[in-house]
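In the working numbering, the protein residues as written are 47 to 252.
C-beta: ideal position from N, C-alpha, C; glycine also.
Nothing here was measured: the structure is a model prediction, and the numbers come from that model.
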């Protein structure tokens with residue numbers, strides 16, 4: 047396996063995980079509101095959705111690797127989704143979420159659906175697939191290696207975000223701190239959107 051490509055892949059994954067996106071923030075908030083066990087089905091759905099999305103994008107990128115126009119379309123679809131997530135984070139009010147007698151608000155279906163409306167995820171997957179498919183064997187082999195590595199690391203990250211959220215559950219019920227958490231997340235996502243806007247779509251593929 048290409049060690050340079052492997053290092054590059056882990057570097058991009060690390061950058062993605064250090065900038066909280068919808069998956070991380072949802073695991074953090076959901077775990078804080080309902081407890082760690084409530085995130086089991088949610089994370090399972092995220093894994094299923096992530097595998098499906100990565101396979102889909104990988105196959106498209108591999109088939110259209112010479113079409114910059116197609117990649118630009120995917121990029122701007124992701125940008126729109128990310129902008130929607132920013133707006134949602136600013137409008138969420140934890141006080142309006144009724145948790146009494148409810149074991150979980152989000153489950154497998156929500157976890158799967160989130161992956162296909164996750165602008166950050168679209169952008170990073172397109173970047174990863176376009177850069178490393180050939181380095182890991184090309185075609186289905188390259189896609190499979192990327193999927194295995196990214197899903198394994200991201201699953202561990204979602205578990206970590208869940209545990210962090212459960213330890214700070216009292217903050218979410220606070221009248222002032224609760225809304226501030228979601229607004230802060232909205233700001234972080236906003237900066238991420240600007241960063242992707244400046245970077246622009248992935249072009250110039252081999």
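- Item | the region 98–115 contacting the region 220–238, beta-carbon criterion three pairs below 8 Å | no
Reduced DSSP category for residue 221 - H, G, I as helix; E, B as strand; rest coil:
As a working mapping, residue 221 is identified with position 175 in the chain shown. Correct three-state label for residue 221: coil.
Fill in: Minimum length 4: unbroken alpha helix (DSSP H) runs contained in the region 53–106
68–80
- Item | Candidates 153, 160, 178: closest to residue 321 by CA position | Nothing about residue 321 can be reported from this structure: the residues present for the chain run from 47 to 252 only.
When the Cβ atoms of the region 150–168 are set against those of the region 56–70, are three or more pairs found closer than 8 Å? yes
Practice prompt. Return the chain-ordered ranges of every alpha helix (DSSP H) run that is complete within the region 180–213 and spans a minimum of 4 residues.
Written response: 185–213
Practice task
Would you mind stating whether residue 204 and residue 89 have Cβ atoms separated by less than 7 Å?
Solution key: The sequence position of residue 204 within the chain shown is 158, counting from 1. The sequence position of residue 89 within the chain shown is 43, counting from 1. It is a contact, given that the beta carbons lie within the stated cut-off.
By the DSSP assignment, the alpha helix (DSSP H) with residue 173 in it spans what residues?
As a first step, residue 173 must be located in the chain shown, where it is residue number 127. It spans 165–178 - the alpha helix (DSSP H) in which residue 173 sits, taken as one unbroken run.
query = If residue 239 and residue 129 are in contact, beta carbons under 8 Å, what's the gap, nearest whole angstrom?
reply = Working through the chain shown from its first residue, we reach residue 239 at position 193. Working through the chain shown from its first residue, we reach residue 129 at position 83. About 6 Å separates the two Cβ atoms, so the contact holds.
**Asked** Is residue 153 helix, strand or coil when you go by DSSP?
**Response** Mapped onto the chain shown, residue 153 falls at position 107. Three-state DSSP puts residue 153 in coil, outside helix and strand.
Could you pull out every residue in the same chain whose Cβ sits closer than 7 Å to the Cβ of residue 51, ignoring the five residues on either side in sequence? What you label residue 51 is simply residue 5 of the chain shown in a count that begins at 1. Excluding positions up to five away in sequence, the list reads 178, 181, 182.
task: Let me know the secondary structure DSSP gives residue 51 once reduced to three states.
output: Taking the chain shown and counting its residues from 1, one reaches residue 51 at position 5. In the structure shown, residue 51 sits in a helix (DSSP, three-state: H, G or I).
| said: Rounded to whole angstroms, what is the Cα-Cα separation between residue 227 and residue 75? | reply: Reading the chain shown from its first residue, position 181 is the one you call residue 227. Reading the chain shown from its first residue, position 29 is the one you call residue 75. If I take the Cα positions, the gap works out to 9 Å.
**Prompt:** Smallest Cα separation from residue 172: which of 107, 191, 133?
**Reply:** Translated into the one-based positions of the chain shown, residue 172 becomes position 126. Comparing Cα-Cα distances from residue 172 to each of 107, 191, 133, the minimum goes to 107.
Would you report the Cα separation of residue 78 and residue 175, rounded to the nearest angstrom?
-> The residue you call residue 78 lines up with position 32 of the chain shown. The residue you call residue 175 lines up with position 129 of the chain shown. In a straight line, the C-alpha of residue 78 is about 33 Å away from that of residue 175.
Worksheet item: residue 81 and residue 157: beta carbons closer than 7 Å?
Response: Taking the first residue of the chain shown as 1, we reach residue 81 at position 35. Taking the first residue of the chain shown as 1, we reach residue 157 at position 111. Contact flag unset, no.
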